[in-house]
Structures are given as structure tokens and as C-alpha cells.
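Peer 1: Numbering (the working numbering), first residue to last: -17 to 124. Even glycine gets a Cβ: it sits at the ideal position worked out from N, Cα and C.
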């Protein structure tokens, strides 16, 4: 008469392997959820900033809104002729009200004035850029 021991060495190893697999699966799920939470926090911060803003968008903020990489959006806008390198903006998009140029100046410690130029996107520009991205299959229609 032989009896099977449920705590045999092979069974214990199998149980241990199953627990390790389950732990690894849970850790991977936790990593995925943490990344999603971080992305959601960035989007929420952008929405909060937008509510406080004048309605003009930075290109970086627009990229995050459209769930794109900022570098990709800059290159896409250049390829489409919406932005031209070295702050030489396309006048047609300014006339249509899609882009606005902002100038920021401040005095340096040595007394010189430093000026930065920033291209901002208007709400109408957001719609136009989204439409072009959608036509090119870069973003889903939401």
C-alpha cells in the first residue's frame, strides 16, 4: 500500500514556481498601472494648467494633449510647413489665427536684456492641427 504525500518535494517545488509566476505577473501589472497613473497625472496637470491659461498652448503641451512625443509634433509641424526652423513662422498660419508669437524679455545680472520667442497655438490652431494629424492617421478620432 502506497500513499501519496501532497507535500512531496516535486509538489512543493511546483507550488513555489506557481507563486513566483503569480508574483511576477502582479509586479508587471503594478508597473503598468504605475506608468498609467503617471501619464494620467501629467494629463491632469496639463488640464489644470489649461484652465488657468489664456487659451494659448505650447507645442509641448499640445503634444502631450494629443498623446504624442513633443519632438515628433515639432517635426510634423515643420514637415507640414506650419512651423519653419529658426523662429521664422509661416505667415499664413498667423493670419488665420492658428499660431501666435509671444516674446519674453528679462534683464540678466550683467544688465543685458535677453529675449526669447515662443510660438503658441490658439484653440482654432488645435482643431486645425488635430484635423491634419487625424487625416494623416497619426491620432485616433476621439
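Compare the beta carbon distance of residue 65 and residue 113 with 8 Å and say whether it is the shorter of the two.
Peer 2: no
Peer 1: Go ahead and label residue 26 buried or exposed: buried means 16 or more other beta carbons lie within 10 angstroms of its beta carbon, across all protein chains shown.
Peer 2: Burial call: exposed.
Peer 1: What does the alpha-carbon distance come out to for the pair residue 86 and residue 96?
Peer 2: Using only the alpha carbons, I get a separation of about 8 Å.
Peer 1: DSSP state of residue 64, grouped into three classes?
Peer 2: coil
Peer 1: What distance in whole Å lies between the Cβ atoms of residue 83 and residue 99, which are believed to be in contact at a cut-off of 8 Å?
Peer 2: Yes, residue 99 and residue 83 are in contact; Cβ-Cβ is about 6 Å, under 8 Å.
Peer 1: Closer than 6 Å by C-beta to residue 110: which residues in its own chain qualify, once you throw out the five before and the five after it? Chain order, please.
Peer 2: 80
Peer 1: With DSSP collapsed to three states, give me the class of residue 98.
Peer 2: strand
Peer 1: Using the three-state DSSP reduction, which class does residue 38 fall into: helix, strand or coil?
Peer 2: coil
Peer 1: Over the uninterrupted beta strand (DSSP E) stretch that includes residue 117, give me the two end residues.
Peer 2: No beta strand (DSSP E) contains residue 117, which is instead part of the alpha helix (DSSP H) from 105 to 117.
Peer 1: Are residue 46 and residue 24 close, meaning C-beta to C-beta below 8 Å?
Peer 2: yes
Peer 1: What is the DSSP secondary structure of residue 91, reduced to helix, strand or coil?
Peer 2: The DSSP-derived three-state label of residue 91 is coil.
Peer 1: Go ahead and label residue 55 buried or exposed: buried means 16 or more other beta carbons lie within 10 angstroms of its beta carbon, across all protein chains shown.
Peer 2: buried
Peer 1: Kindly list the residues whose CB is nearer than 6 Å to the CB of residue 75, restricted to its own chain and excluding five residues on each side of it in sequence; keep chain order.
Peer 2: Once the five neighbours on either side are set aside, the close Cβ partners of residue 75 are 64 and 81.
Peer 1: Is it buried or exposed for residue 104, if we count other Cβ within 10 angstroms and need 16 for buried?
Peer 2: Buried is the call here.
Peer 1: Among residues of its own chain, excluding the 5 on either side of residue 51, which ones have a beta-carbon nearer than 8 Å to its beta-carbon?
Peer 2: 45
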